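Undergrad: In my numbering, each residue carries its 1-based index in the sequence shown increased by 1223.
Each residue gets a CB set at the ideal place from its N, CA and C atoms; glycine is no exception.
In this text the structure is predicted, and so the values were computed from the model without any measurement.
Let me give you the structure first, and then I'll get to my questions.
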Amino acid sequence: MNLAASILEGNRLALARALSLVENDTPEGREALSVLFPHTGRAHIIGVTGAPGTGKSSLVNQLARHFRQPPDGNQPCRVGIIAVDPTSPFTGGAILGDRIRMRDLTGDPGVFIRSMASRGSLGGLSATTAAAAQLFDAAGFEIILIETVGVGQAEVEIAHLAHTTLVIEAPGLGDDIQAIKAGILEIADILVINKSDQPGVDNTERALRAMLDLAAPRPGWIPPIQRTVATLGTGIPDLADTIHQHRQHLLISGEFLQRDRLRLQAELDFLLKEALVMKWRETVSDLLYQDVIKAVRERQLSPHMAVQRLILGDKA
Ligand SMILES: Nc1nc2c(ncn2[C@@H]2O[C@H](COP(=O)(O)OP(=O)(O)O)[C@@H](O)[C@H]2O)c(=O)[nH]1
Ligand SMILES: [Mg+2]
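The structure is reproduced here in C-alpha cells:
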C-alpha cells in the first residue's frame, strides 16, 4: 500500500517514514504531503515556547497525559508532539530522568513524539515543522503540541503555525523582565508561569502584567496568566481548560478560519519565493551573478540596484 494511504489508516511506521522524508525534503515526502493535504485542517495546533529550562518539555508531557486521560469523562484525544529544540531534544534531560511518565507516553499508541533537528534556513525549519504538523493532522491526531525555544525568528514563525500559543516563563531566570521578549509576548495567547513552586513567582507575575498592559490590545481575548508546577502536574487541568476556551474563542470569533488562511498564505508565499528563486537561478549566468556580487561588495552597486540588474539584465 502507498505511504499516504497507510498514514490515513493510522500506521505509525508509515507516519515515522513520512516525517523523515519530509524533514529531508524529498520528492516522495512532497508527494505524500500533497495526497494528504485534503485530510488536514482538523487538528488543534498548540505552540509551547519559552526560554530553555522554563519547563516546556515537562509541561508538554503533562498536557499530553491530560489530553489522553481527561478527568471529566470526555473522549481522550490523540496527541502528536513535535519538539523543535536543538539544544535539548524531547528525549533528553528532564524527560529521560522522568522514566515512568515517559514510558506512559511512549507506550501509548495515541501519542506520537518527534524531535526536529534544526537544519537549513529559518524558513526551512518552520516549513519542515509545518509539514510535520500536516502529517500528524492527516494521521488523525486531534491535538498537536509543538515545543520551541523562544529565542529567535524561527520560533516566532513556528508560533504563527499554532492556533494557540503558550509562552512559558519561570521565576528566577535572572532579571524577570529581561527573560521576556516583547516579540514573544505579542504571540502569546496564554502566559504560563511554570515552576510556581519556586521563589519569585509574584515578581514574575507582576512583570508579566505590566508588560501585558503595555501590549496592543487584542479584541475578544486578553491572554490569561496561569501558574503551573509541571513536575507535580499542578495547574495542568486549569491550563487545559484555558486552551479549550481559547479554541472556542477562535471558533466563535472566526479567528480560527482567519489564522488558517494566513498560515496557508504564508506557507504558499514561502514555497513560491523558494521556487521562483530556484527557477530564476537556472536562467542567470554564474559569471553575471558573481560580477554583481563583487560590484555590491565594492560599493559600486546598491543591493536594490543589484536586484534590478540581475532581474532585468543589461536593460537596468
Ligand atoms: N521546581 C520545578 N522544577 C521544574 C518544573 N518544571 C520543570 N522543572 C524542572 O526544570 C528542568 C527543565 O525542565 P524542561 O522541561 O526540560 O525545560 P525546557 O528546557 O523548557 O524543555 C528539569 O529539571 C525539570 O524537572 C516545576 O514546575 N518546578
Ligand atoms: Mg525541552
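1) Can you tell me whether Ile1305 is buried or exposed? The criterion is at least 16 other CB atoms within 10 Å of its CB, across all chains shown.
2) Give me the Cα-Cα distance between Arg1301 and Ser1257, rounded to the nearest whole angstrom.
3) Since I believe Ile1448 is in contact with Leu1431 (beta carbons under 8 Å), could you give me their beta-carbon distance rounded to a whole number of angstroms?
4) Considering only residues of the same chain and omitting the five flanking positions on each side of Thr1454, which have a CB-CB separation below 7 Å?
5) Could you tell me which of Val1424, Leu1244, Glu1521 and Gly1363 sits nearest to Arg1450, measuring between CA atoms?
6) Heavy atom of ligand 3 less than 7 Å from the Cβ of Glu1409, yes or no?
7) Could you tell me which residues DSSP puts in a beta bridge with Arg1450?
8) Flag Leu1244 as yes if its beta-carbon sits less than 8 Å from any beta-carbon of chain C, otherwise no.
9) Please work out which residues of its chain come closer than 7 Å, Cβ to Cβ, to Arg1520, disregarding the five sequence neighbours upstream and downstream, and give them in chain order.
10) Would you check whether ligand 1 has a heavy atom nearer than 7 Å to the C-beta of Thr1249?
11) Since Gly1252 contacts Asp1360 with CB under 8 Å, what's their CB separation in whole angstroms?
12) In three-state terms, what does DSSP make of Val1507?
13) How many Å lie between Phe1313 and Arg1522 at the Cα?
14) For Gly1343, count neighbouring C-beta atoms within 10 Å of its own C-beta (all shown protein chains included) and say buried if the count is 16 or more, exposed if not.
15) Does the separation of the CB atoms of Thr1565 and Glu1392 fall below 8 Å?
16) Using only alpha-carbon positions, find the residue among Ile1475, Asp1514 and Leu1533 that is nearest to Val1500.
17) Less than 8 Å between C-beta atoms, sequence neighbours within five positions excluded: which residues of the same chain meet that for Leu1524?
18) Using the three-state DSSP reduction, which class does Ile1304 fall into: helix, strand or coil?
19) Run through DSSP, which three-state label would Leu1408 get?
20) Apply the 10 Å Cβ neighbour rule to Leu1419 and answer buried if 16 or more other Cβ atoms are within range, or exposed otherwise.
21) Taking the alpha carbon of Gln1488 as the point to measure from, which residue in Thr1506, Ala1353 and Thr1457 has its own alpha carbon closest?
22) Is it the case that the Cβ atoms of Pro1442 and Ala1411 are separated by a distance below 8 Å?
TA: Looking at the coordinates:
1) Reading the sequence shown from its first residue, position 82 is the one you call residue 1305. Result: buried.
2) One-based indexing of the sequence shown puts residue 1301 at position 78. One-based indexing of the sequence shown puts residue 1257 at position 34. So the two alpha carbons sit approximately 23 Å from each other.
3) Position 208 of the sequence shown holds residue 1431. Position 225 of the sequence shown holds residue 1448. Confirmed, about 6 Å.
4) Against the sequence shown, residue 1454 aligns to sequence position 231. Scanning its chain for C-beta atoms nearer than 7 Å, with the 5 sequence neighbours on each side dropped, one finds around Thr1454 the residues Ser1281, in chain order.
5) Here residue 1450 corresponds to residue number 227 of the sequence shown, with the count starting at 1. When each option's Cα is compared against that of Arg1450, the closest is Val1424.
6) With respect to ligand 3, the structure offers nothing, as its ligand set consists of ligand 1 and ligand 2.
7) Numbered from 1 along the sequence shown, position 227 holds the residue referred to as residue 1450. Its beta-bridge partners are Ile1416.
8) This model lacks chain C altogether; it includes just one protein chain.
9) As a working note, residue 1520 is residue 297 in the sequence shown. Hits under 7 Å: none found.
10) Within the sequence shown, residue 1249 is the residue found at index 26, counting from 1. For Thr1249, the distance from the CB to the nearest heavy atom of ligand 1 is not below 7 Å.
11) Taking the first residue of the sequence shown as position 1, residue 1252 is located at position 29. Taking the first residue of the sequence shown as position 1, residue 1360 is located at position 137. With a Cβ gap of about 15 Å, Gly1252 and Asp1360 do not count as contacting.
12) For the purposes of this step, residue 1507 is taken as the residue at position 284 of the sequence shown. Reduced to three states, the DSSP call for Val1507 is coil.
13) Position 90 of the sequence shown, counting from 1, holds the residue named residue 1313. Position 299 of the sequence shown, counting from 1, holds the residue named residue 1522. For Phe1313, the pLDDT reaches just 46, beneath the cut-off of 50, and the residue's location in the model is therefore unreliable, although a value from the coordinates is still provided. It is roughly 47 Å from the alpha-carbon of Phe1313 to the alpha-carbon of Arg1522.
14) Taking the sequence shown and counting its residues from 1, the one referred to as residue 1343 is at position 120. Residue confidence for Gly1343 is low, a pLDDT of 48 falling below 50, so the modelled location carries little weight and cannot support an answer.
15) The structure shown does not extend to residue 1565, since the chain spans only 1224 to 1539, so no value can be given for it.
16) Within the sequence shown, numbered from 1, the residue matching residue 1500 stands at position 277. Nearest of Ile1475, Asp1514 and Leu1533 to Val1500, Cα basis: Leu1533.
17) If you number the sequence shown from 1, residue 1524 lands on position 301. Counting only Cβ-Cβ distances below 8 Å, and skipping sequence neighbours, we find Val1515, Ala1518 and Arg1532.
18) Walking along the sequence shown from the start, residue 1304 turns up at place 81. Strand, per DSSP.
19) Against the sequence shown, residue 1408 aligns to sequence position 185. Assignment of Leu1408 by DSSP, reduced to helix, strand and coil, places it in the helix class.
20) Here residue 1419 refers to the residue found at position 196 when the sequence shown is read from its first residue. At residue 1419 the sequence reads Ser, which differs from the Leu that was named. Buried is the call here.
21) The residue you call residue 1488 lines up with position 265 of the sequence shown. Of the listed residues, the one whose Cα sits closest to Gln1488 is Ala1353.
22) Along the sequence shown, one-based indexing puts residue 1442 at 219. Along the sequence shown, one-based indexing puts residue 1411 at 188. Result no, Cβ atoms of Pro1442 and Ala1411 do not sit closer than 8 Å.
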